[in-house]
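See structure below.
Residue numbers (mature numbering (1 follows the signal peptide of the UniProt record, and there is no 0)): -20 to -1, 1 to 428.
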């Protein structure tokens, strides 16, 4: 994971300076870097590393730091760790999640110690702890104790139906860990509210959070973002069969969805077919959401030049022998999601009575859905789903959103960031060898 974080740091620095000019500025961490985030309001950079959190200014000068480990722990013991945990030993704290919460002035920090609990640090000075507790038990375990399990998150909101209180939360996507909480997706409080604690889960949705399916699909989360009232998670997973190959999906749900009724997965394909063979890049590694420059926008989204585009890098297999960059207009993702959801809601089925466009991956009978024929106009009134509508849903492979790669490479692409210079879109790609590539001239890519 270290090479991915190092590449991400390089790209973030390139992006913040627009063009990777030669510079003597650098920051050297004493331990492996796990996550890097930028506060767009201040330009500060926050680095989540093993046992340390660093706060840097835009020149990469250290402003503040916090030590997070090593500390006495054992993944099989319930925090707080006491003398009763006889097998506790000094363990590193791997940073699993780092989120900027500008509205509250906090940095959300989740690590691998103590069952993956989190803390809140002051954005202006990370050595000042705003909140931390290791006594709240399982309800506040957020991240993972295992280094290989990926965790992503995004800041959002949650409106209490009873009091109409607007609560600050973050949504988390987490893969399967043998010692972890089984929740695939969770909504976590960022404040105390009534009898609920900070980091407590706000939503119980057994169909999305059920552990047998989390273990079956082995999700590998890579990115999360919010846009126009929706939350998106990008990940790869197996299809739950004997085939262990992972396929990429983007999941969407409405913000403030108290039951995850709107949760829907759309398969994303990144492949190119020649006379000799078809090269399929099935496993997403990293992604970046951005508005492209006018030149590229006129090529790929001429009907909506202000549309955002998801730039994603994929590998063909686990060893990363081949990889590619693909682009997905967000409007195309939403349009395909609308198509498959409406098809299910109005009861479109095949001759064998199985759903035409979707299945339900987190129930025991994944194709025992979409049987009821509903009026299409009525369905439009439930854009975020409802208790009486089928959920959760996932698109069938034949309804995947498929695009051709813009750029391919014979090694592992691990990170991507995008900038616009004079209405021209430039992508910075990180590799497993810690190189940074600058890609432009999209349909005949020029690489520096």
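The C-beta atom is built at its ideal place from N, Cα and C for all residues, glycine as well.
Those residues which DSSP pairs with residue i across a bridge
i	result
residue 404	401
residue 306	292
residue 123	Answer by DSSP bridge pairing: none, since residue 123 is not bridged.
residue 12	Its beta-bridge partners do not exist; DSSP assigns none.
residue 161	In DSSP, residue 161 forms no bridge with anything.
residue 206	211
residue 234	210
residue 201	215
residue 68	DSSP lists no partner for residue 68.
residue 168	150 and 181
residue 51	71
residue 176	173
residue 85	BP columns for residue 85 are empty, so no partner.
residue 143	Answer is none; residue 143 lacks a bridge partner.
residue 434	Any property of residue 434 remains undetermined from this structure, which presents the chain solely from -20 to 428.
residue 227	217
residue 90	77 and 98
residue 410	395 and 416
residue 260	251
residue 17	26
Neighbourhood of residue i by C-beta, 7 angstroms cutoff - its chain only, sequence neighbours within 5 removed
i	result
residue 364	234, 237, 241 and 242
residue 248	228, 229, 230, 308, 380 and 381
residue 135	79, 81 and 150
residue 122	90, 96, 97, 98, 152, 168 and 179
residue 354	325, 326 and 327
residue 376	337, 338 and 339
residue 47	31 and 32
residue 352	327
Continuous alpha helix (DSSP H) stretch holding residue i: start and end
i	result
residue 356	356 to 359
residue 186	186 to 189
residue 97	Per DSSP, residue 97 belongs to no alpha helix (DSSP H) and is neither H nor E.
residue 279	274 to 280
Neighbour-count burial assignment, residue i, 16 or more Cβ in a 10 Å radius
i	result
residue 349	buried
residue 199	buried
residue 317	buried
residue 409	buried
residue 394	buried
residue 103	buried
residue 358	exposed
residue 129	buried
residue 160	buried
residue 94	buried
residue 109	exposed
residue -6	Residue confidence for residue -6 is low, a pLDDT of 45 falling below 50, so the modelled location carries little weight; the figure read from the coordinates is stated next. By the 10 Å Cβ count, residue -6 comes out buried.
residue 361	exposed
residue 193	buried
residue 112	exposed
residue 15	buried
residue 13	buried
residue 304	buried
residue 86	buried
residue 53	buried
residue 272	buried
Cβ shell of residue i (< 6 angstroms), same chain only, five flanking positions each side left out
i	result
residue 430	Because the chain in this structure spans residues -20 to 428, residue 430 falls outside the shown range and cannot be described.
residue 57	65
residue 166	152 and 181
residue 268	291, 396, 397 and 398
residue 334	347
residue 415	none
residue 163	189
residue 220	196 and 197
residue 17	26, 78 and 80
residue 2	Because residue 2 sits at a pLDDT of 49, beneath the cut-off of 50, its placement in the model cannot be relied upon, and the following sentence gives the value as read from the coordinates. So no residue of the chain qualifies.
residue 281	287 and 309
residue 41	none
residue 116	177
Delimiting residues of the beta strand (DSSP E) encompassing residue i
i	result
residue 43	42 to 47
residue 267	263 to 270
residue 33	32 to 36
residue 250	244 to 253
residue 28	25 to 29
residue 5	Run containing residue 5: none; DSSP gives neither H nor E here.
residue 420	416 to 420
residue 105	105 to 112
residue 131	131 to 139
residue 389	387 to 389
Residues of its chain near residue i, where Cβ-Cβ distance is below 8 angstroms and the 5 sequence neighbours each way are ignored
i	result
residue 105	35, 43 and 44
Short CB-CB distance (under 8 angstroms) between residue i and chain B
i	result
residue 10	Checking the listed chains, one finds no chain B in this structure; it contains a single protein chain.
Complete runs of the alpha helix (DSSP H) confined to the segment 325 to 382 [at least 4 residues]: 356 to 359
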